[in-house]
Amino acid sequence: MGKIREFSIQLHNNAASVYYPGQIITGIVVMDLISAVKIRYIWVEIAGRSVTKVPLSNRGSNRSQWLADFVTQRDCFIDEKKVLWDGTRNENLQLGSGRHELDFAFPLPCHYLPSSYEGGKCCNIRYLILARICRPWKMDYVTKTAFTVLEMVDINRPELTQPSPEIEKEKTITSCGGCQSAKYLKLNAYIRRCGYCPGERMTFTASVENCHKIRLLCIHAKLQQVVEYYAKGFSDQYCKSYAEIYYRGESLHGQLFDWDNQSITIPSIPPTSTSFCSIRISYELKITLDISKRKTLSVVIPVVIGTIPYCPSPALNPYNIRPPPAYADINHYYECNYHPSNRVVRPSFPPVYQESIDGRINLQDSSDEDREVTCQLEFAPQYPVASDIEYQQSQTSTIQENSEARLSLQDIDSSIHLLTLRRTRPSNSS
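Just so we're aligned, residue 1327 is where the sequence shown starts under this note's numbering, counting upward by one.
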């Protein structure tokens, strides 16, 4: 970089670079100059934007060919710029050699901000801080860093802590010749809670009623992410599976089969987000019964993925979680009446975050072609990963029951031993 040894952005007091609406992002722009450099301006910018690209397919003159095109929409949530150093105040526009640190601070809006999300080339929600050195008659230097913004999705709300309604589906199976009477299959299932956080085990129960004992292939369950995205009146969606479990066994072929207390561990994935109009993220548990290679029977149960971990009661709250503002509807997390003196505070549970299971992406875009970028361009959003309190409680109760059983056995053994000693003790001769 010629005369510049280092040009970077460092955020304060946030190793994971995760923020919530209403918080203040503070940091410094660091420059280490080998010698004096002529600079017009040094400015820093915060940007929060979403991009959606909906594919369009149109037939050309040749019916065998498809012409693929995209409709693109860009939405902006945050766009603020600050000048950190004005070189035009100096006659020679020079900034001296050595290390320079320029402070900056950006308050995040208190109104609704969608969670960070990287959906590949078709859609993303991205938050960046950029710093630029504007030089006279030369290419600008640019550095940037991405950070994660999370919605406050609280799974401790009463409607999310309750079991889901039991969903039932039925299928009629007829023989090939139609000579035999129709056979019926029923599949019903429910999940223990309607809301979970990454890191928790989503527990569910399914049952199969197979009155005619049709031989079934297998039953399996998977957590699915459904993403709907919109651009200028057009829409598209895709579905992605994150975790799946199977069962194949002889007990599946009986008249009744209960698949009790099965669980899927939720990986580090973005939270449910249905309020933002351009990108909507929802989740569902899909349980499928494979009847044959071509016939299946499925039930789909909606599930909310949150950012505030489940806490069964205040007495069992290991994180001292402070509840966020109440929300009127599950699809509108940010119907807020905020006041600047009552900012949203990040939850006080330990900041355990993990990179998205979808992996890192490259932050380079077309605007970087006319400037020299001096930073690492890979980034992955980070999402809170909670410990499974319910599982820990069940393990603790099991350990306590086992220890109590061992103690009772020890008491029985001691009593038997004392009785044996009394019976075998020789009598005193007169």
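Cβ atoms here follow ideal geometry from the backbone N, Cα and C, with glycine treated the same way.
No experiment lies behind these values; they were computed from the predicted model shown.
Residue i: buried (16+ other C-beta within 10 angstroms of its C-beta) or exposed?
i, result
"Gln-1581", "exposed"
"Leu-1486", "buried"
"Asn-1536", "buried"
"Cys-1637", "buried"
"Leu-1382", "exposed"
"Ala-1515", "buried"
"Ala-1557", "buried"
"Ile-1360", "exposed"
"Asn-1705", "Per the sequence shown, the amino acid found at residue 1705 is Phe instead of Asn. Buried is the call here."
"Thr-1498", "exposed"
"Thr-1471", "buried"
"Leu-1735", "Annotation note: pLDDT 49 at Leu-1735 (below 50); position unreliable, no value reported."
"Ile-1351", "buried"
"Cys-1402", "exposed"
"Cys-1603", "exposed"
"Ala-1682", "The sequence as given places Ser at residue 1682; Ala does not occur at that position. Ser-1682 comes out buried."
"Glu-1477", "buried"
"Tyr-1564", "exposed"
"Lys-1379", "buried"
"Gly-1422", "exposed"
"Ser-1577", "exposed"
"Ile-1742", "Annotation note: pLDDT 49 at Ile-1742 (below 50); position unreliable, coordinate value reported separately. So Ile-1742 counts as exposed."
"Ile-1687", "buried"
"Asp-1684", "buried"
"Gln-1708", "buried"
"Phe-1530", "buried"
"Ala-1532", "buried"
"Phe-1396", "exposed"
"Pro-1489", "exposed"
"Pro-1484", "exposed"
"Ala-1341", "exposed"
"Ser-1441", "buried"
If I'm right that residue i touches residue j with Cβ under 8 Å, what's the distance once you round it to whole angstroms?
i, j, result
"Val-1626", "Phe-1583", "Not quite, the Cβ-Cβ distance comes to about 20 Å (not below 8 Å), so this is no contact."
"Arg-1574", "Arg-1452", "Not quite, the Cβ-Cβ distance comes to about 42 Å (not below 8 Å), so this is no contact."
"Ile-1571", "Ile-1590", "6 Å"
"Asn-1482", "Ile-1634", "6 Å"
"Leu-1623", "Leu-1513", "5 Å"
"Gly-1525", "Val-1711", "4 Å"
"Tyr-1367", "Gly-1413", "6 Å"
"Ala-1373", "Leu-1456", "7 Å"
"Leu-1434", "Gln-1550", "31 Å between Cβ atoms; not a contact."
Which residue marks the beginning of the alpha helix (DSSP H) containing residue i, and which one marks its end?
i, result
"Thr-1352", "From DSSP, Thr-1352 is part of no alpha helix (DSSP H) but of the beta strand (DSSP E) over 1350-1359."
Since residue i is in the beta strand (DSSP E), which residue starts that stretch and which ends it?
i, result
"Thr-1487", "That residue, Thr-1487, is in no beta strand (DSSP E); its alpha helix (DSSP H) goes 1484-1487."
"Leu-1615", "1605-1616"
"Trp-1585", "1582-1591"
"Leu-1511", "1509-1517"
"Tyr-1555", "1544-1557"
"Gln-1336", "1330-1337"
"His-1426", "1424-1433"
"Ala-1532", "1527-1536"
"Cys-1565", "1560-1573"
"Ile-1451", "1449-1460"
"Ala-1472", "1467-1475"
"Gln-1680", "1679-1681"
"Val-1625", "1622-1631"
"Gln-1690", "Taken as a continuous stretch (DSSP letters only), Gln-1690 belongs to no beta strand (DSSP E), as it is neither H nor E."
"Glu-1576", "Neither: Glu-1576 is in no beta strand (DSSP E) and is coded neither H nor E."
Can you tell me which of the options puts its alpha carbon nearest to the alpha carbon of residue i?
i, options, result
"His-1426", "Val-1468, Asn-1514 and Arg-1331", "Arg-1331"
"Ile-1459", "Pro-1489, Ser-1601, Met-1357 and Leu-1434", "Met-1357"
"Arg-1518", "Ile-1360, Met-1528 and Tyr-1709", "Met-1528"
"Cys-1520", "Pro-1628, Ile-1683 and Cys-1436", "Pro-1628"
"Val-1475", "Ser-1423, Ser-1604, Cys-1436 and Arg-1415", "Cys-1436"
"Lys-1566", "Ser-1577, His-1579, Gly-1559 and Val-1552", "Val-1552"
"Ile-1354", "Thr-1469, Ile-1631, Asp-1429 and Asp-1480", "Asp-1429"
"Arg-1415", "Ile-1613, Glu-1371, Arg-1400 and Ile-1365", "Ile-1365"
"Gln-1399", "Pro-1347, Ser-1577 and Phe-1560", "Phe-1560"
"Gln-1680", "Asp-1691, Pro-1593, Ile-1613 and Asn-1688", "Pro-1593"
"Val-1479", "Thr-1469, His-1538, Tyr-1609 and Ile-1631", "Ile-1631"
"Lys-1621", "Thr-1500, Tyr-1568 and Glu-1554", "Thr-1500"
"Ile-1605", "Val-1363, Tyr-1467 and Val-1377", "Val-1377"
"Lys-1539", "Tyr-1346, Phe-1473, Phe-1333 and Lys-1509", "Lys-1509"
"Glu-1371", "Ala-1341, Ala-1431 and Gln-1420", "Ala-1431"
"Leu-1511", "Leu-1689, Glu-1554, His-1579 and Ala-1362", "His-1579"
"Trp-1585", "Ala-1547, Asp-1562, Ala-1569 and Leu-1689", "Ala-1547"
"Val-1678", "Thr-1469, Lys-1329, Cys-1523 and Tyr-1467", "Cys-1523"
Problem - Three-pair Cβ contact test at 8 Å for the region 1405-1412 versus the region 1488-1495 - result: The answer is no - the region 1488-1495 does not touch the region 1405-1412, with fewer than three Cβ pairs under 8 Å.
Exercise for the section: Taking 8 Å as the threshold, find out whether the region 1436-1446 comes into contact with the region 1328-1341 through three or more Cβ pairs. Expected result: Flag = no, the region 1436-1446 and the region 1328-1341 do not touch.
Problem - Contact between the region 1540-1548 and the region 1607-1617 (3+ Cβ pairs under 8 Å) - result: Yes, the region 1540-1548 is in contact with the region 1607-1617.
Exercise for the section: Say whether the region 1462-1474 touches the region 1591-1598, bearing in mind that this needs 3 or more beta-carbon pairs closer than 8 Å, one atom from each stretch. Expected result: Short answer: they don't touch.
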